[in-house]
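A.B. asks: Residue numbers (the working numbering): 5 to 398. Have a look at this one before I ask anything.
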Amino acid sequence: MGLRKELDTSLSQELTAIKSAGRYRFLRNIETAQSPRVTLDGREVVLMCSNNYLGLANHPRLTEAAKKAIDCYGTSASASRLVSGTMTLHKKLEEAIAKFKGTETALIFNCGYMANVGIISSLLGPGDVAFSDELNHASIIDGCRLSRAKVVVFPHKDMNALENLLRNEKGRRRMILVDGVFSMDGDIAPLPEMVELAEKYGAWIMVDEAHATGVLGERGAGTVEYFGLTKRVPIQMGTLGKALGGFGAYIAGSKILREYLINKARSFIFTTALPPADMAVALEAIRLMQEEPERRQRLHHNVKIFVDGLSSMGFDVTNQGTAVVPVIIGPEDKTMQMSEMLLKHGVFVAGIRPPTVPPGTSRLRVTLMATHTEEDLSLALDAFAQAGKELGLI
Ligand SMILES: *Cc1c(COP(=O)(O)O)cnc(C)c1O
């Protein structure tokens, strides 16, 4: 047997096991931009699972900014920022992010995954302790693993448990890690209590604002702004690829933190920097978001309509005013059936299964956009009603 054959045989055995567990993943083909209506495998459907919360991902001002940046600065940063890649736009974008977040400085990473992996693994090492909510994003989990620090996981938002752990788990450096808005549940972290505990026990705290940026807070700066904690949270991390309609990520914090990460974060040091077009898009998105706060209001309005609609049909939904509305189904197979059924009725919502969420909590993770029209929403609600009845869920 040739090497390739051996490899394929071994891998396909595992794929068969994944399939029989109902956890098989495959890619669907979207032929249009990430707007409320997309062409999916040749058919027009309502898109209800994109993180393009403010509808900026194909806004003419952003696409224009990208084109201009390419004309002006080319298509690539061509090296790590420490080698030859720090360009004017990196500096401009970092200044804009710091201003937006209310921090001294910011530092761009190539994506949120790389930011979390780089930040956590450079701030913590052997002998240190990471305190991590059980529903934190996979990139935080992977950052913890890579750091080789001791990782203590506390039950979701359980502040008594966190306090006990902070009291008992000693280490050289200690850091609490939390999603501001939890990506698969859409609920908000109890940041005021967490910051209180961090201060009381002398631990650092990092908040991941991936799903809160553009959505929560007076200016859409995220959960830290929402709770008025800008001065007390030393590390804010976020992405440019969700509500901001672009690609990339950042940390926002002190000058020293930035300087430290430039020297220590391997996912910053050993990678080609974000290209000009992505930075121009993010700069324009931050501007546009400030000029048009009504986008955020529209998003919240759409969330309310959708949540009220689903609740009145008898679906089990909760929402705290974020763009993420989880509809918990439970078993993997039923979740995927529901997703298929919704697609038949013209609505695309991907099913979310373990290991992304805990076993037995598979769900349809509905996300709303500011640009969904009333017609989009009523079509989607009708689809949920029909599919839910066909599967005996409501
Ligand atoms: C999406 C997400 C990330 C990763 O960000 P990318 O820029 O997409 O790599 C990190 N943390 C959370 C909570 C996320 O939802």
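Don't be surprised by glycine CBs; every beta carbon is placed ideally from N, CA and C.
Is it the case that the Cβ atoms of residue 214 and residue 227 are separated by a distance below 8 Å?
C.D. replies: Position 210 of the sequence shown, counting from 1, holds the residue named residue 214. Position 223 of the sequence shown, counting from 1, holds the residue named residue 227. Cβ atoms of residue 214 and residue 227: not closer than 8 Å.
A.B. asks: Just checking, does the region 245–252 make contact with the region 278–286 on the three C-beta pairs under 8 Å criterion?
C.D. replies: Touching, per the Cβ criterion.
A.B. asks: Exposed or buried, which one is residue 300 when buried takes at least 16 other CB atoms within 10 Å?
C.D. replies: Within the sequence shown, the letter at position 296 stands for residue 300. So residue 300 ends up on the buried side.
A.B. asks: Within its chain, find whatever has a CB closer than 8 Å to the CB of residue 246; leave out the 5 residues flanking it on each side and keep chain order.
C.D. replies: What you label residue 246 is simply residue 242 of the sequence shown in a count that begins at 1. Counting only Cβ-Cβ distances below 8 Å, and skipping sequence neighbours, we find 55, 56, 57, 214, 215, 217, 218.
A.B. asks: To the nearest angstrom, how far is the alpha carbon of residue 317 from that of residue 324?
C.D. replies: In the sequence shown, the residue the question calls residue 317 occupies position 313. In the sequence shown, the residue the question calls residue 324 occupies position 320. Looking at the two C-alpha atoms, the distance is approximately 19 Å.
A.B. asks: Would you call the region 106–120 and the region 253–264 touching, i.e. three or more CB-CB distances under 8 Å?
C.D. replies: Judged by Cβ distances under 8 Å, the region 106–120 makes contact with the region 253–264, as three or more pairs qualify.
A.B. asks: Would residue 131 pass as a contact of residue 373 if the rule is Cβ separation under 8 Å?
C.D. replies: Indexing the sequence shown from 1 puts residue 131 at position 127. Indexing the sequence shown from 1 puts residue 373 at position 369. In this structure, residue 373 does not lie closer than 8 Å to residue 131 by Cβ.
A.B. asks: Using the DSSP secondary-structure output, state which residues sit across from residue 290 in a beta bridge.
C.D. replies: As a working note, residue 290 is residue 286 in the sequence shown. Answer is none; residue 290 lacks a bridge partner.
A.B. asks: Can you tell me where the alpha helix (DSSP H) holding residue 17 begins and where it ends?
C.D. replies: Start at 1 with the first residue of the sequence shown, and residue 17 comes out as number 13. First-last of the alpha helix (DSSP H) with residue 17: 7–24.
A.B. asks: Specify which residues have a beta carbon nearer than 5 Å to any heavy atom of ligand 3, listing them in chain order.
C.D. replies: Ligand 3 is absent from the structure shown, which contains only ligand 1.
A.B. asks: Let's see if you can read the secondary structure: which residues bound the beta strand (DSSP E) around residue 330?
C.D. replies: Working through the sequence shown from its first residue, we reach residue 330 at position 326. Run containing residue 330: 328–334, per the beta strand (DSSP E) assignment.
A.B. asks: Please say whether residue 357 and residue 26 have beta carbons closer to each other than 8 Å?
C.D. replies: Position 22 of the sequence shown, counted from the start, is the residue given in the question as residue 26. Position 353 of the sequence shown, counted from the start, is the residue given in the question as residue 357. For residue 26 and residue 357, yes; Cβs fall inside 8 Å.
A.B. asks: Can you round the beta-carbon distance between residue 80 and residue 362 to whole angstroms, since I take them to be within the 8 Å contact cut?
C.D. replies: In the sequence shown, counting from the first residue as 1, residue 80 sits at position 76. In the sequence shown, counting from the first residue as 1, residue 362 sits at position 358. With 8 Å as the limit, residue 80 and residue 362 do not qualify as a contact, their Cβ atoms being about 40 Å apart.
A.B. asks: Tell me whether residue 136 sits in a helix, a strand or coil according to DSSP, three-state version.
C.D. replies: Locating residue 136 in the sequence shown gives position 132, counting from the first residue. It is a strand residue.
A.B. asks: Residue 77 to residue 37, Cα distance in whole Å?
C.D. replies: Stepping through the sequence shown from its first residue, residue 77 is reached at position 73. Stepping through the sequence shown from its first residue, residue 37 is reached at position 33. So the two alpha carbons sit approximately 25 Å from each other.
A.B. asks: Assuming residue 33 and residue 45 make a contact with CB atoms under 8 Å, what is their CB distance in whole Å?
C.D. replies: By one-based count along the sequence shown, residue 33 stands at place 29. By one-based count along the sequence shown, residue 45 stands at place 41. Between residue 45 and residue 33 the Cβ distance is about 5 Å, and since that is below 8 Å, they are a contact.
A.B. asks: Would you kindly work out how many angstroms separate the C-alpha atoms of residue 220 and residue 142, rounded to a whole number?
C.D. replies: Here residue 220 refers to the residue found at position 216 when the sequence shown is read from its first residue. Here residue 142 refers to the residue found at position 138 when the sequence shown is read from its first residue. About 22 Å.
A.B. asks: DSSP puts residue 48 in a beta bridge; with which residues?
C.D. replies: As a position in the sequence shown, residue 48 is number 44, starting the count at 1. 43, per the DSSP bridge assignment.
A.B. asks: In terms of DSSP beta bridges, what is residue 254 paired with?
C.D. replies: Along the sequence shown, read from residue 1 onward, the residue named residue 254 stands at position 250. Answer is 112, 242.
A.B. asks: Run the CB neighbour count on residue 196, radius 10 Å, all protein chains shown included, and call it buried at 16 or more, exposed below.
C.D. replies: Sequence index remark: in the sequence shown, residue 196 carries index 192 (1-based). When all chains shown are included, residue 196 counts as exposed.
A.B. asks: Tell me which same chain residues have a C-beta within less than 8 Å of the C-beta of residue 120, skipping the five on either side of it?
C.D. replies: Here residue 120 corresponds to residue number 116 of the sequence shown, with the count starting at 1. Contacts found: 141, 143, 144, 146, 147, 212, 241.
A.B. asks: Quick check: what's the CA-CA separation for residue 298 versus residue 321?
C.D. replies: Numbered from its first residue, the sequence shown carries residue 298 at position 294. Numbered from its first residue, the sequence shown carries residue 321 at position 317. Whole-angstrom Cα-Cα distance: 25 Å.
A.B. asks: According to DSSP, simplified to helix, strand and coil, what is residue 355?
C.D. replies: Translated into positions along the sequence shown, residue 355 becomes position 351. It is a strand residue.
A.B. asks: Hey, would you say residue 254 sits closer than 8 Å to residue 111, going by beta carbons?
C.D. replies: Locating residue 254 in the sequence shown gives position 250, where the first residue counts as 1. Locating residue 111 in the sequence shown gives position 107, where the first residue counts as 1. Contact flag set, yes.
A.B. asks: With distance defined between alpha-carbon atoms, name the residue in 256, 177, 198 nearest to residue 2.
C.D. replies: The first residue shown for the chain is 5 and the last is 398, placing residue 2 beyond what the model contains.
A.B. asks: Just reading off the beta strand (DSSP E) that residue 209 is part of, what are its end residues?
C.D. replies: Within the sequence shown, residue 209 is the residue found at index 205, counting from 1. Run containing residue 209: 208–212, per the beta strand (DSSP E) assignment.
A.B. asks: Would you call the region 266–277 and the region 332–346 in contact, with 3 or more CB pairs under 8 Å?
C.D. replies: Short answer: they don't touch.
A.B. asks: For residue 137 and residue 183, which I take to be in contact (beta-carbon distance under 8 Å), what is that distance rounded to the nearest angstrom?
C.D. replies: Position 133 of the sequence shown, counting from 1, holds the residue named residue 137. Position 179 of the sequence shown, counting from 1, holds the residue named residue 183. Their Cβ separation, rounded to whole angstroms, is 7 Å, which keeps residue 137 and residue 183 in contact under 8 Å.
A.B. asks: Where does the unbroken beta strand (DSSP E) through residue 369 begin, and where does it stop?
C.D. replies: For the purposes of this step, residue 369 is identified with residue 365 of the sequence shown, where counting begins at 1. Taken as a continuous stretch (DSSP letters only), the beta strand (DSSP E) holding residue 369 covers 366–371.
A.B. asks: Do residue 51 and residue 40 have their beta-carbon atoms positioned less than 8 Å apart in this structure?
C.D. replies: The residue labelled residue 40 in the question sits at position 36 within the sequence shown. The residue labelled residue 51 in the question sits at position 47 within the sequence shown. Cβ distance < 8 Å, so residue 40 and residue 51 count as in contact.
A.B. asks: Residue 228 by DSSP, collapsed to three states: which one?
C.D. replies: Your numbering for residue 228 matches position 224 in the sequence shown. Residue state, collapsed to three classes: helix.
A.B. asks: Applying the 10 Å Cβ sphere with the 16-neighbour rule, what's the burial state of residue 49?
C.D. replies: Walking along the sequence shown from the start, residue 49 turns up at place 45. Buried is the call here.
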